[in-house]
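This report concerns only the one structure given below.
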Amino acid sequence: GAGVSQSPSNKVTEKGKDVELRCDPISGHTALYWYRQSLGQGLEFLIYFQGNSAPDKSGLPSDRFSAERTGGSVSTLTIQRTQQEDSAVYLCASSLASQGAFYGYTFGSGTRLTVV
Amino acid sequence: AQTVTQSQPEMSVQEAETVTLSCTYDTSESNYYLFWYKQPPSRQMILVIRQEAYKQQNATENRFSVNFQKAAKSFSLKISDSQLGDTAMYFCAFMKHLSTGNQFYFGTGTSLTVIP
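First to last, the protein sequences are chains Y and Z. Quick note: the first sequence uses the numbering used here, first residue 426, plus one each step. Quick note: the second sequence uses the numbering used here, first residue 52, plus one each step.
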């Protein structure tokens with residue numbers, strides 16, 4: 426696609442339920458990031474995929490968070506047993522690996538998750 | 052560890068005036084990249100300008116320019132002839148390139164309001 430697509434745009438869920446957030450990167454982009462942006466905060470790194478390499482999961486806040494990237498394209502971020510502190514905007518970004526340093530990354534519009 | 056500090060949570064400027072947003076960072080790296088991103092209410096992060104640390108010349112993109120002071124680890128953004136469409140959150144970001152991929156670090160943002 427022309428840009429990074431994230432779905433759903435907004436998600437309201439009950440505490441304790443599991444949620445899946447989807448990121449569809451730009452076709453051909455091998456690098457993919459997930460970030461979390463809490464109200465009034467900066468971007469918190471969650472996880473990074475680069476090609477077929479093992480993902481960098483060092484930013485995942487707890488074992489309730491996991492992510493996968495199938496076929497080197499679409500990525501899904503899963504949050505199990507959601508808590509109210511998980512409420513935030515979850516942003517995905519992608520880049521051609523070799524160009525990320527020169528052009529930064531292309532971000533999606535994010536998924537606003539609200540846990541009630 | 053790398054940290055990025057934006058000490059101005061909120062700023063405002065009159066339309067057509069000039070405003071400068073500050074950013075400082077802390078790193079032991081000698082080669083890295085710096086970015087300013089804009090996040091309008093649509094939530095999508097938009098790359099405004101970038102700077103390679105090995106370049107002494109300050110980057111410029113139309114009305115946007117930076118003052119990069121490597122020794123002081125400072126990277127401020129100047130917006131000239133401010134327009135109403137410049138109203139947004141602005142994030143300063145630091146990136147270093149690793150053999151395993153890129154590491155991105157963001158500041159907490161500055162909310163800029165352009166007043167008509």
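By construction, the Cβ of each residue, glycine as well, lies at the ideal position given by its N, Cα and C atoms. Small disclaimer: the values here were computed from a predicted structure and weren't measured.
Ranked by Cα distance from Z:R114, the options Z:V70, Z:P60 and Z:A139 are led by Z:V70. By the beta-carbon neighbour count (other beta carbons within 10 angstroms, threshold 16), Z:D137 is buried.
With the criterion set as a beta carbon lying under 7 angstroms from some beta carbon of chain Y, the members of the region 81-98 of chain Z are Y84, F86, S93, R94, Q95, M96 and L98, in sequence order. Around Z:F145, the same chain offers Q53, V55, Y76, T78, Y83, L85 and Y156 as residues with beta carbons nearer than 7 angstroms, after the five sequence neighbours per side are excluded.
Taken in chain order, the region 101-140 of chain Z contains no complete alpha helix (DSSP H) segment of 4 residues or longer. For Y:D443, the secondary structure class from DSSP, reduced to helix, strand or coil, is coil. Burial state of Y:G441 is exposed, judged by a 10 Å Cβ sphere holding fewer than 16 other Cβ atoms. Under the Cβ distance rule, Z:T159 counts among the residues neighbouring chain Y, one pair being separated by less than 8 angstroms. With respect to chain Y, the C-beta atom of Z:N118 has no partner C-beta closer than 8 angstroms. For Y:Q475, the three-state secondary structure derived from DSSP is strand.
Shown here, Y:D449 sits in a strand according to DSSP, grouped into three states.
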